[in-house]
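*Asks:* Numbering of the sequence shown is given in the working numbering, commencing with residue 1 and proceeding in unit increments. Built from N, CA and C at the ideal position, the CB exists for glycine as well. Since the structure is predicted, the reported quantities are computational estimates derived from the model, not experimental observations. This structure is in structure tokens; I'll ask about it shortly.
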Amino acid sequence: MKKIVLMFPGQGSQTVGMGKDFYDKFPASQNIMDSLDDELKKIIFEGPQESLKDTKNAQPAIFAVSVAMFEALKSSIDLNNCEIVTAGHSLGEYSALYAAGFFNFADGLNIVKARGSFIAEASSANPGAMAAIIGMAKEGVIDICKQASAEGVCEPVNFNSPGQIVISGTTAAIQKAVELAKPAGALKAVMLNVSGPFHSSLMKPASEKMKAELAKYSFTEPKYSILTNCDAEFTKDISTIKEKSVKQVCSPVLWDVSMTNAVNNGFDTFIEIGPGRVLSGLMRRIDKTKKTMNIEKVEDLEKVIEELKN
1 MKKIVLMFPG
11 QGSQTVGMGK
21 DFYDKFPASQ
31 NIMDSLDDEL
41 KKIIFEGPQE
51 SLKDTKNAQP
61 AIFAVSVAMF
71 EALKSSIDLN
81 NCEIVTAGHS
91 LGEYSALYAA
101 GFFNFADGLN
111 IVKARGSFIA
121 EASSANPGAM
131 AAIIGMAKEG
141 VIDICKQASA
151 EGVCEPVNFN
161 SPGQIVISGT
171 TAAIQKAVEL
181 AKPAGALKAV
191 MLNVSGPFHS
201 SLMKPASEKM
211 KAELAKYSFT
221 EPKYSILTNC
231 DAEFTKDIST
241 IKEKSVKQVC
251 SPVLWDVSMT
261 NAVNNGFDTF
271 IEIGPGRVLS
281 GLMRRIDKTK
291 KTMNIEKVED
301 LEKVIEELKN
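Shown next as structure tokens:
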């Protein structure tokens, strides 16, 4: 039996026209996209890119397109003869929750929209920045964050793969960490073009609002286990997933640990579903011995179906 991790991307992977070939070919994808309001659907398929990049559009757009692609996969092949877990990077965790059956599409979309607005409000109230530190060990990044904390909040927040860690916090502190990084041995340290200090402790207000938001919904025990960002653990328990969804907003994304945990539990096939190829690229750095594929275009789906049939 194949042991598969379905991976879903986060914000930044959006491109104008994403998912249009699935919409044109698969009724299951069409149903998802047609349930969006006309304005968002038009932005996804026709742009402009500036509107699609706006967080309030990007987050529901990526969620919807990832779900539409997952529905195309589900309508094309029987997944019941595979052992599956789902995982998503930051925002992508909501696509993973949908794929596991935790909520329906309408509720998921509303939760994603609310989450985006809470994060935007927290970013306005507590402005900050993020930077990628490349080619430096985890311990080194933690050390420069400690030094830069003299200038304000500075925390490692995305442990993406060995040698790729993103830091987040107040702008002065992040700039200081970037200055310290290369002399301390980093290959590269780059400020990111983002609108706030995501996944840092500055997002606490958004996390608190998320708790109140999730209390409005009823959820279903998921069919598949979710490999959650905030602790890299497998879970199917409804109350645990709710707690972790609250914590996720202001906690680091432990992506490399999550994928290593999946490998250590015998998962051997990793399929990224959604726009872009960021997660499949990271997986190849985490463990290049595992089968890694992505579904971004209809022809990618056809290759994945062939692989899963073998």
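So what's PHE267 in DSSP terms, helix, strand or just coil?
*Replies:* DSSP places PHE267 in coil when its eight states are reduced to three.
*Asks:* PRO60: which of ASN126, LYS41, SER245 and ILE133 sits nearest, CA to CA?
*Replies:* Closest option to PRO60, Cα to Cα, is LYS41.
*Asks:* Measure the C-alpha to C-alpha separation of PRO48 and LEU227 and round it to an integer number of angstroms.
*Replies:* Each residue's alpha carbon lies about 34 Å from the other.
*Asks:* Using the Cα positions of MET203 and MET18, report the straight-line distance between them to the nearest angstrom.
*Replies:* Spanning the two alpha carbons is a distance of roughly 29 Å.
*Asks:* Give me the residue from TYR217, LYS242, ALA189 and PHE234 with the minimum Cα distance to SER207.
*Replies:* Among TYR217, LYS242, ALA189 and PHE234, the Cα nearest to that of SER207 belongs to LYS242.
*Asks:* Can you name the start and end residues of the beta strand (DSSP E) that MET83 belongs to?
*Replies:* Going by the sequence as given, residue 83 is Glu instead of Met. Here the beta strand (DSSP E) through GLU83 covers 83-88.
*Asks:* According to the Cβ coordinates, are VAL257 and MET210 closer than 7 Å?
*Replies:* Cβ distance not < 7 Å, so VAL257 and MET210 don't count as in contact.
*Asks:* From the DSSP output, which residues share a beta bridge with GLN175?
*Replies:* Note: GLN175 sits in no beta bridge, so no partner.
*Asks:* Can you check which of these residues, PHE103, GLN14 and PRO275, is closest to SER218 by C-alpha distance?
*Replies:* Looking at the Cα atoms, PHE103 is the closest of the given residues.
*Asks:* When we look at the beta-carbon of ALA58 and count the other beta-carbons within 10 Å, is it buried (16 or more) or exposed?
*Replies:* By the 10 Å Cβ count, ALA58 comes out buried.
*Asks:* When the distance is taken between beta carbons, is ILE32 closer than 7 Å to ALA68?
*Replies:* Taking 7 Å as the Cβ cut-off, ALA68 and ILE32 qualify as a contacting pair.
*Asks:* Whole angstroms are fine: how far does the CA of CYS145 sit from the CA of SER200?
*Replies:* Looking at the two C-alpha atoms, the distance is approximately 12 Å.
*Asks:* When the Cα atoms are used, what is the spatial distance from ALA106 to ALA184?
*Replies:* Using only the alpha carbons, I get a separation of about 47 Å.
*Asks:* Go through the segment 121-159 residue by residue and report every complete run of the alpha helix (DSSP H) that reaches 4 residues or more, in order.
*Replies:* Listed in chain order, they are 138-148.
*Asks:* Name the DSSP bridge partner or partners of ASN294?
*Replies:* ASN294 pairs with GLU272.
*Asks:* Residues in the same chain with beta-carbon distance under 8 Å from LYS309, minus the five sequence neighbours each way, listed in chain order, please.
*Replies:* Around LYS309: ILE77.
*Asks:* Could you tell me which of SER75, ALA173 and THR269 sits nearest to PHE22, measuring between CA atoms?
*Replies:* If we check each option's Cα against that of PHE22, SER75 comes out closest.
*Asks:* Cutting at 6 Å between CB atoms, please list the residues of its own chain near ALA114, excluding the five before and the five after it.
*Replies:* Cβ within range, chain order: GLU213.
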